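Just so we're aligned: the sequence shown equals residues 3 to 144 in the numbering used here. Have a look at the structure below before the remarks.
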Amino acid sequence: MKYLGLLLISLTLFCNCNSTNTATSKNTETKNQSEPEGKYLVTSLYGKDVSEHKLTLEFDKANKKLSGFSGCNIYYCDYTVTDSSLSIGAPGASKRYCEQTMKLEKEFFKALSELKTKNLKEPTLTFKNENQNEILVAKKSE
């Protein structure tokens with residue numbers, strides 16, 4: 003009976019040590035991700051600082067959905083991603099009218115349609131068009 007108790011305690015300790023190592027390796031994989039996940043604040047659009055407008059990109063990696071704030075409206079769309087490229091589906095958006103930010107919103111949607119390549123170096127996400135011109139830069143939001 004004494005040995006049975008000792009055996010159960012040993013097995014419990016052994017199993018707990020193994021699960022800690024698994025959790026550590028999963029955290030390492032997340033840090034080296036090549037696909038964006040979570041919320042990003044757009045800082046630059048076609049080389050212009052737009053951080054004061056608080057445009058956002060929110061990636062739902064599990065469902066391959068992109069949503070966020072486009073300057074006036076809330077938008078949503080599907081996306082597909084490979085190692086270095088990202089394709090955005092046609093966005094849908096709410097129908098608010100904002101005279102001051104309509105031009106910015108049109109530029110933002112134009113940039114989304116032109117995205118060809120991505121470079122994710124946490125916390126910065128950079129998108130380029132087919133000519134490799136930088137068109138959108140975003141930083142991970144906390």
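Note that CB positions come from ideal geometry on N, CA and C, so glycine has one too. Fair warning: this is a prediction, and the values are worked out from it, not measured in the lab.
> Using the rule of at least 16 other Cβ atoms within 10 Å of the residue's Cβ for burial, across every protein chain shown, is E31 buried or exposed?
Replying inline: Annotation note: pLDDT 36 at E31 (below 50); position unreliable, no value reported.
> Candidates T119, S143 and K141: which alpha carbon is nearest Q134's?
Replying inline: T119
> Of all the options G73, M104 and E109, which has the alpha carbon lying nearest to the alpha carbon of L138?
Replying inline: Relative to the Cα of L138, the nearest Cα in the group G73, M104 and E109 belongs to E109.
>> If I measure Cβ to Cβ from N121 and keep anything under 6 Å in the same chain, skipping five residues before and after, which residues do I get?
In response: Excluding sequence neighbours, N121 sits near T128.
> How long is the line joining the alpha carbons of A95 and S69, rounded to whole angstroms?
Replying inline: 9 Å
> Taking just the CA atoms, how far does K141 sit from E124?
Replying inline: So the alpha carbons of these two residues sit roughly 8 Å apart.
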